[in-house]
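Here is the structure we will look at.
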Amino acid sequence: MAMTQKRLSGPAVVINTGTYGGSQYTVPGSTSTIVKQIVLTNITASAQTVTVSLKPSGVTLADTHQIFKDLSLTEKETTLLNMSLVMNTGDELYMLCGTASAVNATASGIEIT
0 MAMTQKRLSG PAVVINTGTY GGSQYTVPGS TSTIVKQIVL TNITASAQTV
50 TVSLKPSGVT LADTHQIFKD LSLTEKETTL LNMSLVMNTG DELYMLCGTA
100 SAVNATASGI EIT
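Using numbering that gives the first Met the number 0, the letters of the sequence shown map in sequence onto residues 0 to 112.
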């Protein structure tokens, strides 16, 4: 069993397309992942909100998969979301921002193969 610490996604802008935004990370085949930290940075001069969801493999993304709902970021604020979020093969991490290209996100963690 190999454990590899890595940046899982980003830095990348969080989109505001659709109900739940866009996929930021998908767990590769034969792998499990532990998300340890998500860094969110509001790059605008106005307040923003971000929603983070974990979509289990093989299901349709729904409100029940939201792990942070409408997290508020003041102008130019950076926040660190520290966690130990276990994801299985095919699970996806989604993020939605209230305004397109207003927030950058970077996720870091450990992939286990």
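We put the CB at the ideal spot given by N, CA and C, even for glycine.
- By the Cβ-count criterion, Asp-62 is exposed, with fewer than 16 other Cβ atoms from all chains shown falling within 10 Å of its own Cβ.
- A straight-line Cα-Cα distance of about 6 Å links Ile-109 and Thr-32.
- Shortest Cα-Cα distance from Val-102 to any of Asn-87, Met-0, Arg-6, Ser-71 involves Ser-71.
- With a cut-off of 8 Å on Cβ pairs, the stretch 78 to 91 is not in contact with the stretch 12 to 21, counting fewer than three such pairs.
- According to the DSSP assignment, Thr-3 belongs to the beta strand (DSSP E) that extends over 2 to 12.
- CA-CA distance, Ile-37 to Lys-5, rounds to 12 Å.
- Non-local C-beta neighbours of Glu-91 in its own chain, meaning closer than 6 Å and more than five positions away in sequence, comprise Ser-22, Thr-25, Lys-54, ordered along the chain.
- The beta-carbon separation of Val-34 and Ala-104, rounded to 12 Å, does not stay under the 8 Å limit for a contact.
- Per DSSP, Val-49 is one residue of the beta strand (DSSP E) stretching across 47 to 54.
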